[in-house]
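Visitor: Residue numbers are given in the working numbering: position 35 of the sequence shown equals residue 35, and the series is strictly consecutive. Idealized CB from N, CA, C, for every residue including glycine. The structure presented is a predicted model; accordingly, all values stated were derived computationally and were not measured.
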Amino acid sequence: MFLVCGAMLVAASMITTYRLVAGPNSLDRLVAVDMLVALCLCGLAAWAAYSRDTTVVSAVVALALLGFIGSISITRYRVSDTETGTSGP
1 MFLVCGAMLV
11 AASMITTYRL
21 VAGPNSLDRL
31 VAVDMLVALC
41 LCGLAAWAAY
51 SRDTTVVSAV
61 VALALLGFIG
71 SISITRYRVS
81 DTETGTSGP
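#1: Looking only at its chain, what residues have a beta carbon closer than 6 Å to the beta carbon of TYR50, apart from the 5 residues adjacent to it on each side?
#2: Check the C-beta distance from LEU41 over to LEU65 and give it rounded, since I have them as a contact under 8 Å.
#3: Could you tell me the boundaries of the alpha helix (DSSP H) in which SER29 lies?
#4: Sorted by chain position, which residues of the same chain lie with C-beta nearer than 7 Å to ALA12's C-beta, five sequence neighbours on each side aside?
#5: For ALA8, which of helix, strand or coil comes out of DSSP?
#6: Would you kindly report the start and end of the unbroken alpha helix (DSSP H) that includes ARG78?
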């Protein structure tokens, strides 16, 4: 069962990496990076459940906090992809 979970996480990581490389704008790339962090969290949580090791839980919490603060700060200071001088419809 752990191998199936790992294979699904690897497949999702490959699809997300494609979106990171070929994303049409910076917002797609930001979502892809956030998704890769979430996939790492899922991988660590699956490993903690498989090995029944509770020391990994602190790494999961730290990575979740780092991913949350990172995506909030990048979103806050992100430069818009559109020109600022044009007005919308």
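Guide: Looking at the atomic coordinates:
#1: Once the five neighbours on either side are set aside, the close Cβ partners of TYR50 are PHE2.
#2: The Cβ separation is near 11 Å, so there is no contact.
#3: The identity of residue 29 in the sequence shown is Arg, whereas the question assumes Ser. In the DSSP assignment, ARG29 falls within the alpha helix (DSSP H) that extends over 26–51.
#4: LEU39
#5: In the sequence under discussion, the amino acid at residue 8 is Met, which differs from the Ala named in the question. DSSP places MET8 in helix when its eight states are reduced to three.
#6: Taken as a continuous stretch (DSSP letters only), ARG78 belongs to no alpha helix (DSSP H), as it is neither H nor E.
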